[in-house]
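**Q**
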Amino acid sequence: MDNILIVDSVTKEYPGRVAVDSVSFSVKKGSIHGFLGPNGAGKSTTMRMIAGLLPPTSGTITLFGEIVFPEKRHLKNQIGLLPENAPLYPDMTVEDYLTFVGKLHHMKNIPSRMDEVISGLNLQDVRKRIIGNLSKGYKQRVGLAQAIFYNAPFLILDEPTNGLDPQSVVELREFIKGLAKEKTILFSSHILSEVEQICDHITIIHQGKIRASGNLGEIHRKFRQGLVLKLGLSPGEKLPDLSRFGHYEVGTTQHFTSEDQYHLSFESEHDFRPELVKYLVGQGILVHTVMVESPELEDIFLHMTETRA
Amino acid sequence: MIWTLFKKEAQSYFSSPLAYVLIGLFSLISGIMFFNLLVTYSDGIQAIPQNMTETVSFVDEVVLRLFANINFLFLVFIPLITMRLFSEEKRQDTLEIFWLSPVRDWQIILAKGLAALSLILAMLLMTGLFPLIIWGIGIQDFSVLFSAYLSVILNACAYISLGLFCSSISGNQIIAALLSILGIMFLWMITWGGNLNSNFIVAEIFHYLGISSHFERILRGVIGTQDLIYYLSFISIFGILTVKSLDRRNW
Numbered sequence: 045m046d047n048i049l050i051v052d053s054v055t056k057e058y059p060g061r062v063a064v065d066s067v068s069f070s071v072k073k074g075s076i077h078g079f080l081g082p083n084g085a086g087k088s089t090t091m092r093m094i095a096g097l098l099p100p101t102s103g104t105i106t107l108f109g110e111i112v113f114p115e116k117r118h119l120k121n122q123i124g125l126l127p128e129n130a131p132l133y134p135d136m137t138v139e140d141y142l143t144f145v146g147k148l149h150h151m152k153n154i155p156s157r158m159d160e161v162i163s164g165l166n167l168q169d170v171r172k173r174i175i176g177n178l179s180k181g182y183k184q185r186v187g188l189a190q191a192i193f194y195n196a197p198f199l200i201l202d203e204p205t206n207g208l209d210p211q212s213v214v215e216l217r218e219f220i221k222g223l224a225k226e227k228t229i230l231f232s233s234h235i236l237s238e239v240e241q242i243c244d245h246i247t248i249i250h251q252g253k254i255r256a257s258g259n260l261g262e263i264h265r266k267f268r269q270g271l272v273l274k275l276g277l278s279p280g281e282k283l284p285d286l287s288r289f290g291h292y293e294v295g296t297t298q299h300f301t302s303e304d305q306y307h308l309s310f311e312s313e314h315d316f317r318p319e320l321v322k323y324l325v326g327q328g329i330l331v332h333t334v335m336v337e338s339p340e341l342e343d344i345f346l347h348m349t350e351t352r353a
Numbered sequence: 004m005i006w007t008l009f010k011k012e013a014q015s016y017f018s019s020p021l022a023y024v025l026i027g028l029f030s031l032i033s034g035i036m037f038f039n040l041l042v043t044y045s046d047g048i049q050a051i052p053q054n055m056t057e058t059v060s061f062v063d064e065v066v067l068r069l070f071a072n073i074n075f076l077f078l079v080f081i082p083l084i085t086m087r088l089f090s091e092e093k094r095q096d097t098l099e100i101f102w103l104s105p106v107r108d109w110q111i112i113l114a115k116g117l118a119a120l121s122l123i124l125a126m127l128l129m130t131g132l133f134p135l136i137i138w139g140i141g142i143q144d145f146s147v148l149f150s151a152y153l154s155v156i157l158n159a160c161a162y163i164s165l166g167l168f169c170s171s172i173s174g175n176q177i178i179a180a181l182l183s184i185l186g187i188m189f190l191w192m193i194t195w196g197g198n199l200n201s202n203f204i205v206a207e208i209f210h211y212l213g214i215s216s217h218f219e220r221i222l223r224g225v226i227g228t229q230d231l232i233y234y235l236s237f238i239s240i241f242g243i244l245t246v247k248s249l250d251r252r253n254w
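Residue numbers (my numbering), protein chains in the order written: chain E, 45 to 353; chain X, 4 to 254.
1. How many Å lie between Met158(E) and Lys152(E) at the Cα?
2. Could you have a look at Ala224(E) and say whether DSSP puts it in helix, strand or coil?
3. Quick one, which residues of the segment 97-124 of chain X are near chain E if we go by CB-CB under 9 Å, in chain order?
4. If you measure beta-carbon to beta-carbon, which residues of the segment 10-28 of chain X are closer than 9 Å to chain E?
5. I need the boundaries of the beta strand (DSSP E) containing Met335(E), first residue and last residue.
6. Which one of Ile254(E), Arg265(E), Arg255(E), Val213(E) has the shortest CA to CA distance from Ile242(E)?
7. Considering only residues of the same chain and omitting the five flanking positions on each side of Ser90(X), which have a CB-CB separation below 7 Å?
8. Since Asn47(E) sits in a beta bridge, which residues does DSSP pair it with?
9. Taking 8 Å as the threshold (C-beta atoms), are Ser104(X) and Lys120(E) in contact?
10. Among all the DSSP beta bridges, which residues are the ones paired with Ala256(E)?
11. Can Ser68(E) and Ile254(E) be called in contact, C-beta distance under 8 Å?
12. I'd like the ranges of any alpha helix (DSSP H) spanning at least 4 consecutive residues and lying wholly in the segment 56-94 of chain X.
13. Would you please verify whether the beta carbon of Thr85(X) is less than 8 Å from any beta carbon of chain E?
14. Using a Cβ-Cβ cutoff of less than 7 Å, which residues in the same chain neighbour Ser168(E) once the five nearest sequence positions on both sides are dropped?
15. Quick check: the segment 183-193 of chain X against the segment 158-166 of chain X, are there 3 or more CB pairs under 8 Å?
16. Taking the continuous alpha helix (DSSP H) assigned at Lys247(X), which residues delimit it?
17. So with CB distances below 7 Å, who are the chain X contacts of Lys147(E)?
18. Buried or exposed for Asn202(X), going by 16 or more other Cβ atoms inside 10 Å?
19. Could you check the C-alpha separation between Arg352(E) and Val51(E) for me, to the nearest Å?
20. Is it true that the CB of Phe9(X) sits closer than 8 Å to the CB of Leu83(X)?
21. In whole angstroms, give me the CA-to-CA distance for Leu142(E) and His118(E).
22. Look at the alpha carbon of Ser15(X) and the alpha carbon of Asp135(E), and state the distance between them as a whole number of angstroms.
23. Comparing the C-beta of Pro279(E) with each C-beta of chain X, is any distance below 8 Å?
24. Kindly indicate which residue of Met335(E), Pro59(E), Gly328(E) has the alpha-carbon position closest to the one of Asp315(E).
25. So is Gly176(E) in contact with chain X if we call contact Cβ pairs under 8 Å?
26. Between Arg117(E) and chain X, is there a C-beta pair that is closer than 8 Å?
27. Taking the alpha-carbon of Gly131(X) as reference, which of Gly242(X), Leu69(X), Tyr233(X), Thr194(X) has the nearest alpha-carbon?
28. Is there contact between the segment 214-227 of chain E and the segment 245-263 of chain E, where contact requires at least three CB pairs shorter than 8 Å?
29. Does DSSP put Tyr133(E) in a helix, a strand or coil?
30. Could you tell me whether the Cβ of Leu167(E) comes closer than 8 Å to any Cβ of chain X?
31. Determine whether the Cβ of Asn121(E) lies closer than 8 Å to any Cβ atom of chain X.
32. Buried or exposed: which applies to Ser154(X), given that a residue is buried once 16 or more other Cβ atoms fall within 10 Å of its Cβ?
33. Helix, strand or coil: which one does DSSP assign to Thr104(E)?
34. Could you give the DSSP three-state label for Glu319(E): helix, strand or coil?
35. Which value, in whole angstroms, describes the spacing of the CA atoms of Leu231(X) and Ile238(X)?
Structure, rendered in structure tokens:
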């Protein structure tokens, strides 16, 4: 079984509004799958449907080869969810809370699992404290502890790093990366750099529709439109008119004066760096660097969410 | 599983000041009522001739009135106890913990109901002092106490099931409390409606549907099957309605 999760043309409609529109994607076993989209794109709704909290209006969600709706009781121990607002009881201590979660899932070895999770998430200092008095960063970690406590093989984390200080964000990311050794993780975020750092596969959603889905490399390739070159010239040099350059059509030319750098985009994907350098040198221009630039995920994302909005 | 859920609810009750404020207030008010009934009774006894004291029953004048008054206090106290049960979880988004686990909805509802009942029992425990006082002044007929306590406990169960339902339909505690107060008043008004109606059959139906006639029969020690069935079906209906209301998440 390669795909743990298959979402097949899932739609969620509310009166007068389509929150999720015919969404399809799949998550491979053992991967960290990034689920990317601006706020309000339908990420949380989709994740709640996958977790079995919300039935889709139409379409099917298959998890571990089983259809999620109508609710399957035995699937409940297989999914861990950290919702956008961590479901915490403010009047319980961290330990009592996690014990309660463990008991709800019929766990037997709660004390040993407690030590494991508490030390894994660096919660030692607060384990006896009341959750309501903890900082936002600690609360988020307790929420994550809840999601992983009963050892579910599939984890859904809805913007786990949202609103945390930079130090906590780094720690949490490292921890999530560590989890991926044993588990499959669906991880949502609206921050691209984050997804690029920890995910190997991504799905981009915008206005309830999937814009792209696949592994990072594929998405990069798919959205690379023609060759983009980063051209560095020696100080003082000027880029000549390139419209007469060979038989290649030059799209846009961007000039960054501060660095004597140019971004050149071409319609063609053919790598003609040697020809270009030969041409420029022939014109008596000193070339510093020529690099092929692969588009940043950020550009792809902005491109997709703007142009089709 | 029910035990785990019950323990969590009970802990959350008894770790909040509200529980102790309610227990304290309840003891105070019911104590004043008891004292007042005792004084009224002894004044009444002294006012009538010696040979007629037998006609004024201590049980009727003090015990039954006290428990009817306790039932009246429930109108405010039980909605205050049940209002937070589901509303609070909704506000904190914590119901998801249950929905992510293999727990069934009816188990959650039952555990919450039992936890509320345990708080009511703690309140009623305080009234256990009253029989001791009566015993101290030389009255020893306690047979009526069993049915009297049973009647208020059954009423409490019915009000709790109603309160649970009200709490499950609103994310706002105040609204949940108001709804259940109105609900309990409506239950009483059905009986008054029966009293006002001249048609015998309609009046009987009203009396059966209202809670008061069942309460009064059991309070007086007449524990009939029809009354027990009434309470059982009342609690079941509101239990099922609460399950349905929680199921709304699946719409």
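Note that CB positions come from ideal geometry on N, CA and C, so glycine has one too.
**A** On the basis of the coordinates in this document:
1. 11 Å
2. coil
3. Those residues of the segment 97-124 of chain X that come within reach of chain E (Cβ to Cβ, closer than 9 Å) are Thr97, Leu98, Glu99, Ile100, Phe101, Trp102, Leu103, Ser104, Pro105, Val106, Arg107.
4. Lys10, Lys11, Gln14, Ser15, Ser18, Ser19
5. Counting along the chain, Met335(E) sits inside the beta strand (DSSP E) bounded by residues 331-336.
6. Val213(E)
7. Ser170, Ser173, Gly174, Asn175, Gln176, Ala179
8. Lys72(E)
9. Yes, the Cβ-Cβ distance between Lys120(E) and Ser104(X) is below 8 Å.
10. Ile248(E)
11. yes
12. 68-85
13. No Cβ of chain E is located within less than 8 Å of the beta carbon of Thr85(X).
14. The question names Ser, yet the displayed sequence has Gln at residue 168(E). The answer, listed in chain order, is Ile162.
15. yes
16. 228-250
17. Within chain X, Thr7 have C-beta atoms less than 7 Å from the C-beta of Lys147(E), given in sequence order.
18. exposed
19. Any answer about Arg352(E) is weak, because its pLDDT of 47 lies below 50 and its placement is not dependable; what the coordinates show is given next. Approximately 23 Å, taken between the alpha carbons.
20. no
21. C-alpha separation (whole angstroms): 20 Å.
22. 7 Å
23. no
24. Met335(E)
25. no
26. yes
27. Leu69(X)
28. No, they do not touch.
29. coil
30. no
31. yes
32. buried
33. strand
34. helix
35. Computed Cα separation, rounded: 11 Å.
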